[in-house]
Amino acid sequence: MVLHAARGRSNARIARETGLHLDTVRCWRGRFAEHHLAGLSDRERSGRPPSFTALQVAQAKALACRLPAESGVPPARWSCPELAREVGARAIACSVSASTVRRWLADDALKPWQHQSWIFITDPDFRNKAERVLGLYARTWQGVRLGEDEYVISADEKTSIQARCRCHPTLAPGQARGMRVNHTYGRGGALAYLAAFDVHAAKGFGRTEPRTGIHPFMNLVAQVMST
């Protein structure tokens, strides 16, 4: 704005060419005319000064990027309350709230409470096993294409699913009222869910059984084969 003014341009033209408001141009031109280059510096802002220094914030973020075990604390993963307590214990800051720590971490998209897992393959025969499975998914077996009347089924079981029912029916949401779900429920025992998935048709088959074992599994096989 000052350079535009030095070229003799009017406030209205400067505002139009820079996309700024006319009052903004007038304000900064006046500050430069009165205080020269010093007038272009930001003035001290009103309000409470920062409670924590940049170094304290950086130390808290560095702590969040380390495993809790390295700090001698029991949690497996950091949470904001745990980090806030550890910041105080390490005398990084006298006292800091969990919400402040959460705001610091959000600035750099740090989420130490999340994790990803991976597996190292240790089976020496893994390649051969994987080759057979991947071949079936590609509709081949021992190098031969499967026929149209041949199917690949993947099966698994989920054991000990609690069968529960609410003691009172759930109420649907209404105007200015959310759905209401009764807190108490009755236990109906536990069931096993056996499922089979037709890999190529993306079709599932499932059934519940009181327990797992070869006989419940054969019931699933009979259901799949009869279908």
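The working numbering puts the last residue of the sequence shown at 240; the count rises by one with no breaks.
Even glycine gets a Cβ: it sits at the ideal position worked out from N, Cα and C.
Checklist line | C178 burial status per 10 Å Cβ neighbour count (16 or more: buried) | finding: Start at 1 with the first residue of the sequence shown, and residue 178 comes out as number 165. C178 counts as exposed, since fewer than 16 other C-beta atoms from the protein chains shown sit within 10 angstroms of its C-beta.
Checklist line | DSSP-derived helix/strand/coil call for A205 | finding: Sequence index remark: in the sequence shown, residue 205 carries index 192 (1-based). In the structure shown, A205 sits in a strand (DSSP, three-state: E or B).
Item checked: For V86, three-class secondary structure by DSSP -> Counting from one through the sequence shown, the residue named residue 86 turns up at place 73. In the structure shown, V86 sits in coil (DSSP, three-state: anything other than H, G, I, E or B).
Next item on the list: Please look up how many angstroms separate the CB atoms of Y206 and T221, rounded, as I've assumed it's under 8 Å.
Entry: Here residue 206 corresponds to residue number 193 of the sequence shown, with the count starting at 1. Here residue 221 corresponds to residue number 208 of the sequence shown, with the count starting at 1. With 8 Å as the limit, Y206 and T221 qualify as a contact, their Cβ atoms being about 6 Å apart.
Notebook entry, point to check: Who are the near neighbours of I27 in its chain, counting only those whose CB is closer than 7 Å to its CB and skipping five residues on each side?
Noted result: Here residue 27 corresponds to residue number 14 of the sequence shown, with the count starting at 1. Excluding sequence neighbours, I27 sits near M14, H17, A18 and V38.
Notebook entry, point to check: What do you reckon, are the CB atoms on P87 and P81 nearer than 9 Å?
Noted result: Within the sequence shown, the letter at position 74 stands for residue 87. Within the sequence shown, the letter at position 68 stands for residue 81. In contact: P87 and P81 (Cβ atoms closer than 9 Å).
Next item on the list: Give every residue of the same chain whose Cβ lies closer than 7 Å to the Cβ of L35, excluding the five residues on either side of it in the sequence, and list them in chain order.
Entry: Counting from one through the sequence shown, the residue named residue 35 turns up at place 22. N24, A25 and A28, listed in sequence order.
Item checked: Whole runs of the alpha helix (DSSP H) within the stretch 117-194, excluding any shorter than 4 residues -> The stretch 117-194 contains these whole alpha helix (DSSP H) runs: 139-150.
Notebook entry, point to check: So I174 and F210 are in contact, right, with Cβ under 8 Å, and what is the actual spacing, rounded?
Noted result: Residue mapping note: residue 174 aligns to position 161 of the sequence shown, counting from 1. Residue mapping note: residue 210 aligns to position 197 of the sequence shown, counting from 1. Wrong, their Cβ atoms sit about 18 Å apart, outside the cutoff.
Notebook entry, point to check: Name the DSSP beta bridge partners of K216, please?
Noted result: Looking up residue 216 in the sequence shown gives position 203. According to DSSP, which records beta bridges pairwise, K216 is partnered with D211.
Next item on the list: Taking the CB atoms as reference points, tell me whether H196 and R152 lie closer together than 9 Å.
Entry: Here residue 196 refers to the residue found at position 183 when the sequence shown is read from its first residue. Here residue 152 refers to the residue found at position 139 when the sequence shown is read from its first residue. Not a contact, by the Cβ cut-off of 9 Å.
Next item on the list: Pick out whichever of S64, A73, W91 and A122 has its Cα sitting closest to the Cα of R103.
Entry: Here residue 103 refers to the residue found at position 90 of the sequence shown. Closest option to R103, Cα to Cα, is A73.
Margin query: Residues in the same chain with beta-carbon distance under 6 Å from G201, minus the five sequence neighbours each way, listed in chain order, please.
Written below: Residue 201 sits at position 188 when you count from the first residue of the sequence shown. Taken in chain order, the residues that qualify are A176.
Note to self: Given this structure, state the Cα-to-Cα distance separating A75 from D162, to the nearest angstrom.
What the structure shows: Here the question's residue 75 lines up with position 62 in the sequence shown. Here the question's residue 162 lines up with position 149 in the sequence shown. Near 60 Å, if we compare the C-alpha coordinates of D162 and A75.
Check: Got a sec? Which residues, its chain only, sit under 6 Å from V100 by beta carbon, not counting five neighbours each side?
Finding: Along the sequence shown, one-based indexing puts residue 100 at 87. Around V100: A73, A106 and V109.
Check: Is it right to say L250 is buried, meaning 16 or more other beta carbons lie within 10 angstroms of its own, or is it exposed?
Finding: Here the chain has residues from 14 to 240 only, and residue 250 is not among them.
Margin query: Going by DSSP, what residue range makes up the alpha helix (DSSP H) through V15?
Written below: Working through the sequence shown from its first residue, we reach residue 15 at position 2. For V15, the enclosing alpha helix (DSSP H) starts and ends at V15 to A19.
Next item on the list: For V70, count neighbouring C-beta atoms within 10 Å of its own C-beta (all shown protein chains included) and say buried if the count is 16 or more, exposed if not.
Entry: Indexing the sequence shown from 1 puts residue 70 at position 57. Looking at its Cβ environment, which holds 16 or more other Cβ atoms inside 10 Å, V70 is buried.
Notebook entry, point to check: Since I77 and P125 are thought to touch, with beta carbons under 8 Å apart, how far apart are those beta carbons, to the nearest angstrom?
Noted result: Working through the sequence shown from its first residue, we reach residue 77 at position 64. Working through the sequence shown from its first residue, we reach residue 125 at position 112. Reading off the sequence, residue 77 comes out as Ala, not Ile. With 8 Å as the limit, A77 and P125 qualify as a contact, their Cβ atoms being about 5 Å apart.
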